[in-house]
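Q:
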Amino acid sequence: MGHGADLGTELAADRKLIELVADQCAAEQDPARQRALVKQLTAAVEEHVSLTSKCLSGALREYVPGGSELSRQGERVRDQVSWTLGRVAEQNGFGKAGPELVRTLTAQARGLLEVEEHRLLP
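First residue of the sequence shown? That's 1 in the numbering used here, and the numbers climb one at a time after it.
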């Protein structure tokens, strides 16, 4: 948090950071550098999930017609991402998260961003 003055700016900055680090993780061949990038990716995704859980879900339920269902959908996607984050952090702590798990986290994070951008925020 702290990228911008409002929630929209904050979420946009988070999305850019997650996309950037996800691309770097996918391209990195050096195991030590990839572990560092995975830590950076998990931190960025955790922060984003926390922000959207605290700020976006409540606003959807409160102010948007049909927002309760949209909020539940967003929460389900965030729960999947959170579960994968835990697995990545656990495996990364032991030396290296497997490439398949990092790809799963990246795909889920991008899916979360897409759901937010196209379903929750409009």
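Ideal Cβ placement from N, Cα and C applies to all residues, glycine included.
Looking only at its own chain, which residues have a Cβ that is under 7 Å from the Cβ of glutamine 24, when we skip the five neighbours before and after it?
A: Hits under 7 Å: Leu37.
Q: Distance, Cα to Cα, threonine 87 vs aspartate 6?
A: Here residue 87 turns out to be arginine, not threonine, going by the sequence shown. Rounded to whole angstroms, arginine 87 to aspartate 6 spans 31 Å at the Cα level.
Q: Could you check the C-alpha separation between leucine 113 and arginine 103 for me, to the nearest Å?
A: Approximately 15 Å between the Cα atoms of the pair.
Q: If you pair each beta-carbon of the stretch 51 to 59 with each one of the stretch 16 to 35, do three or more pairs fall below 8 Å?
A: Not touching, per the Cβ criterion.
Q: Counting C-beta neighbours from all protein chains within 10 Å, is the total for histidine 48 16 or more, i.e. buried, or is it exposed?
A: Buried is the call here.
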